[in-house]
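In terms of the numbering used here, the sequence shown is residues 4 to 218. All C-beta atoms, glycine included, are put in the ideal place defined by N, C-alpha and C. Let me begin by presenting the structure, written as structure tokens, before commenting on it.
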Amino acid sequence: MQMIRISAGAIVVMVLILVLVAIFGRQKEDRNRIASVHNLQQWGIALNLYLIENDNQLPEVGKSPVTTEQTKAWFNALPPYLSEKPLAELPPGERPRPGVPSLWIRPGTRPVKIWDPEVFYFTYGMNRNLQPVEGTRSFRINEISFPGSVIFLAPINGYTPDAGPEDVVFPKTKTEAAQILFCDGHVQRLPRAKLLDPASLSASAAEKGISWFQQ
Numbered sequence: 004m005q006m007i008r009i010s011a012g013a014i015v016v017m018v019l020i021l022v023l024v025a026i027f028g029r030q031k032e033d034r035n036r037i038a039s040v041h042n043l044q045q046w047g048i049a050l051n052l053y054l055i056e057n058d059n060q061l062p063e064v065g066k067s068p069v070t071t072e073q074t075k076a077w078f079n080a081l082p083p084y085l086s087e088k089p090l091a092e093l094p095p096g097e098r099p100r101p102g103v104p105s106l107w108i109r110p111g112t113r114p115v116k117i118w119d120p121e122v123f124y125f126t127y128g129m130n131r132n133l134q135p136v137e138g139t140r141s142f143r144i145n146e147i148s149f150p151g152s153v154i155f156l157a158p159i160n161g162y163t164p165d166a167g168p169e170d171v172v173f174p175k176t177k178t179e180a181a182q183i184l185f186c187d188g189h190v191q192r193l194p195r196a197k198l199l200d201p202a203s204l205s206a207s208a209a210e211k212g213i214s215w216f217q218q
């Protein structure tokens, strides 16, 4: 049986390739993390401006399908504070899509070859417990004991405007920590292990469950 011999030079080249792949992978991960923080910080700015002009009333969660009639839903109410059009007013061709950077799309989302320009796709969702019952008003910020501990917006897989702990998308990294926007406007990395089991959120949202995670 003939043995395959690999020269020392070839081994060095392979090691260098592996090192470069690892470096590029970390750089891509860092870029996505920074872009994700920036997206959520922008939404946080919009949220704070909205609260100022609406007597501390949080926007509504909204529902699918996205429509212009939902003027108080976060996806229509917040964008104008960032000089952006409400989501429902974006015409086909301008609507967010996977892999195309925008405020609506979670960095790192892979592009797709076949895409329907008519659909509304966005990879952030508002904490549904901030408006526990559809058709009733959402919480006012001063009704929440600790806004800095209550999740407002989280990364999800798209198509729906609301989110619970079971919907949060975590990057495939060692820490499995997702960037989260809280009701006071700050952004924080939250590990998967910190999120509450959805089954534990059965109590009134006003009593527990708003924050989704163990403090």
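Closest to residue i by CA distance: which of the options is it?
i: residue 90; options: 109, 68 and 186; result: 68
i: residue 104; options: 55, 173, 37 and 174; result: 37
i: residue 35; options: 173, 166, 71 and 131; result: 173
i: residue 131; options: 47, 141 and 198; result: 141
i: residue 109; options: 71, 40, 120 and 148; result: 40
i: residue 120; options: 136, 138, 56 and 93; result: 93
How many Å lie between residue i and residue j at the Cα?
i: residue 26; j: residue 95; result: Annotation note: pLDDT 42 at residue 26 (below 50); position unreliable, coordinate value reported separately. Cα-Cα distance, rounded: 38 Å.
i: residue 134; j: residue 189; result: 20 Å
i: residue 111; j: residue 102; result: 7 Å
i: residue 98; j: residue 194; result: 30 Å
i: residue 50; j: residue 117; result: 33 Å
i: residue 152; j: residue 175; result: 24 Å
i: residue 75; j: residue 179; result: 33 Å
i: residue 164; j: residue 137; result: 13 Å
i: residue 128; j: residue 56; result: 22 Å
i: residue 87; j: residue 71; result: 14 Å
My assumption, with CB atoms under 8 Å, is that residue i sits in contact with residue j. Please give the rounded CB distance.
i: residue 43; j: residue 184; result: 4 Å
i: residue 159; j: residue 170; result: 5 Å
i: residue 85; j: residue 45; result: 6 Å
i: residue 181; j: residue 196; result: With a Cβ gap of about 12 Å, residue 181 and residue 196 do not count as contacting.
Give me, in chain order, the residues of the same chain whose beta-carbon lies closer than 8 Å to that of residue i; leave out the 5 immediate sequence neighbours on both sides.
i: residue 150; result: 144, 185, 186 and 187
i: residue 30; result: Note that residue 30 has pLDDT 44, beneath the 50 cutoff, so the model's placement of it is unreliable and the number below is only indicative. Closer than 8 Å at Cβ, skipping near neighbours: no residue.
i: residue 73; result: 63, 65, 66, 79 and 91
Could one say the Cβ of residue i lies closer than 7 Å to chain C's Cβ atoms, at least one of them?
i: residue 179; result: This model lacks chain C altogether; it includes just one protein chain.
With a CB to CB cut of under 6 Å and the five nearest residues on each side skipped, what residues in its chain are close to residue i?
i: residue 107; result: 99 and 125
i: residue 215; result: 154, 168, 198 and 199
i: residue 114; result: 101 and 102
i: residue 47; result: 184 and 188
Excluding the 5 residues preceding and the 5 following residue i in the sequence, name in chain order all residues of the same chain whose CB lies nearer than 7 Å to its CB.
i: residue 161; result: 124, 125 and 126
i: residue 53; result: 62, 80, 81 and 84
Query - Runs of beta strand (DSSP E) wholly within the region 123 to 149 (minimum 3 residues, chain order) - result: 127 to 130
Query raised in the report: Which residue spans inside the region 67 to 103 form an unbroken beta strand (DSSP E) run of at least 3?
Result: none
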